[in-house]
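See structure below.
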Amino acid sequence: MLNSTFYKAENNSKKWITFIHGAGGNSSIWYNQVRFFKAYYNIMLIDLRGHGKSKSSSEELIYSFDLIIDDLIEVLNYRKIQKSHFVGISLGSILIQKMIQTHSNRIEKIGLGGAILNLNFQSRMLMFFGKLTQSILPFIWIYTFFAYVIMPYRNHRKSRELFIREAKKLSENEFRKWYKLTAKLLPLLECIRNQEVKIPTLYIMGSQDYMFLPFVKKIVKIHKYSKLLTLKKSGHVVNIDQPERFNNELLNFLLSKN
Numbered sequence: 010m011l012n013s014t015f016y017k018a019e020n021n022s023k024k025w026i027t028f029i030h031g032a033g034g035n036s037s038i039w040y041n042q043v044r045f046f047k048a049y050y051n052i053m054l055i056d057l058r059g060h061g062k063s064k065s066s067s068e069e070l071i072y073s074f075d076l077i078i079d080d081l082i083e084v085l086n087y088r089k090i091q092k093s094h095f096v097g098i099s100l101g102s103i104l105i106q107k108m109i110q111t112h113s114n115r116i117e118k119i120g121l122g123g124a125i126l127n128l129n130f131q132s133r134m135l136m137f138f139g140k141l142t143q144s145i146l147p148f149i150w151i152y153t154f155f156a157y158v159i160m161p162y163r164n165h166r167k168s169r170e171l172f173i174r175e176a177k178k179l180s181e182n183e184f185r186k187w188y189k190l191t192a193k194l195l196p197l198l199e200c201i202r203n204q205e206v207k208i209p210t211l212y213i214m215g216s217q218d219y220m221f222l223p224f225v226k227k228i229v230k231i232h233k234y235s236k237l238l239t240l241k242k243s244g245h246v247v248n249i250d251q252p253e254r255f256n257n258e259l260l261n262f263l264l265s266k267n
């Protein structure tokens, strides 16, 4: 089972927030959120397969999005969490939206930072570059290159350095297995865009998240249960770039009755 960390609500609330990190990261990226939200909610942090303190899988195991969702549900069942708010960043946003397809009854409200709904030309070229080079270059070189392209500005430095540092803890085998999932990404994202989600969803995006923000702007015009908050001078990893604003806006959304 995946590694998970639980924090009891300081106000004895019965409500939960489950945080899902992005590719190459781990639960440590939520340190600002843990300190803030544990005053209001029980908190569940989950490390994805091969990330953080979760064990790596056998080399023969082929990853699928269904397998990853089953991992997350296993943790919820083990912790006896019937329903939770879910908050995800980057890849975490994809997994939460995938979970809606089969386990919408476990989800109360959704907060998505650095949400990925489609891939533009530049990001598709990045994926192709990674596919060509993953067998000949050390994975951390590829990951570092991706980090600088996705988070290029000076004010993204803290986010960029944190993700590169945590990605070094991945094994080469885990990186390759996760990277193979990108071949299944476009059909999944199309399915996500086409599903009208009746779960209240807040997208929190950085104004400098140039690869992914345009697609979120389009989708919130179509999906009536979703809304977008754009944080100025912030990039892809908004919860690290602007933690105070991220936390306060997310809390207001979760506490609202709409």
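Convert by adding 9 to the 1-based position in the sequence shown; the result is the number in my numbering. From the three backbone atoms N, C-alpha and C, an ideal C-beta is built for every residue, glycine too.
| Query | Result |
| --- | --- |
| Among LYS230, ILE105, SER99 and LEU194, nearest to GLY244 - alpha-carbon criterion | SER99 |
| From ASN182, GLU117, LYS167 and MET10, residue whose alpha carbon lies closest to that of SER144 | ASN182 |
| For ARG185 and THR142, the rounded distance between their alpha carbons | 11 Å |
| Span separating the alpha-carbon of PRO147 from that of GLN131 | 22 Å |
| 6 Å Cβ shell around PRO252 - same chain, five flanking residues per side excluded | ASN41 |
| Residue range of the unbroken beta strand (DSSP E) whose run includes LYS193 | Here LYS193 belongs to no beta strand (DSSP E), and DSSP marks it neither H nor E. |
| Among LYS17, ASN114, MET136 and PHE155, nearest to LYS193 - alpha-carbon criterion | MET136 |
| Rounded separation between TYR162 and ASN35 - CA only | 23 Å |
| Closest by C-alpha distance to ARG44, when choosing among PHE15, GLU68 and ILE125 | PHE15 |
| First and last residue of the uninterrupted alpha helix (DSSP H) at THR51 | The identity of residue 51 in the sequence shown is Asn, whereas the question assumes Thr. Per DSSP, ASN51 belongs to no alpha helix (DSSP H); it is in the beta strand (DSSP E), 51-55. |
| For SER65 and ALA18, the rounded distance between their alpha carbons | 30 Å |
| CB of ILE82 within 9 Å of CB of ARG115, strictly | yes |
| Proximity of GLU199 and ASN127 at Cβ, strictly below 9 Å | yes |
| Same chain, Cβ closer than 7 Å to ILE151, five either side skipped, listed in chain order | GLY139, THR142 and GLN143 |
| Proximity to ASN21 [Cα-Cα], best of ASN51, PHE28, ARG254 and ILE228 | ASN51 |
| Under the three-state DSSP convention, the category SER93 falls into | strand |
| Assigned exposure category for LEU104 - 16 Cβ within 10 Å defines buried | buried |
| Pair within 9 Å by beta-carbon distance, GLY122 and MET220 | no |
| Rounded separation between ILE208 and ILE119 - CA only | 7 Å |
| Residue of LYS266, ASN248 and ASN257 minimising C-alpha distance to SER102 | ASN248 |
| Complete runs of the alpha helix (DSSP H) confined to the stretch 192-235 [at least 4 residues] | 194-203 and 222-228 |
| Straight-line Cα distance separating LYS177 from HIS232 | 37 Å |
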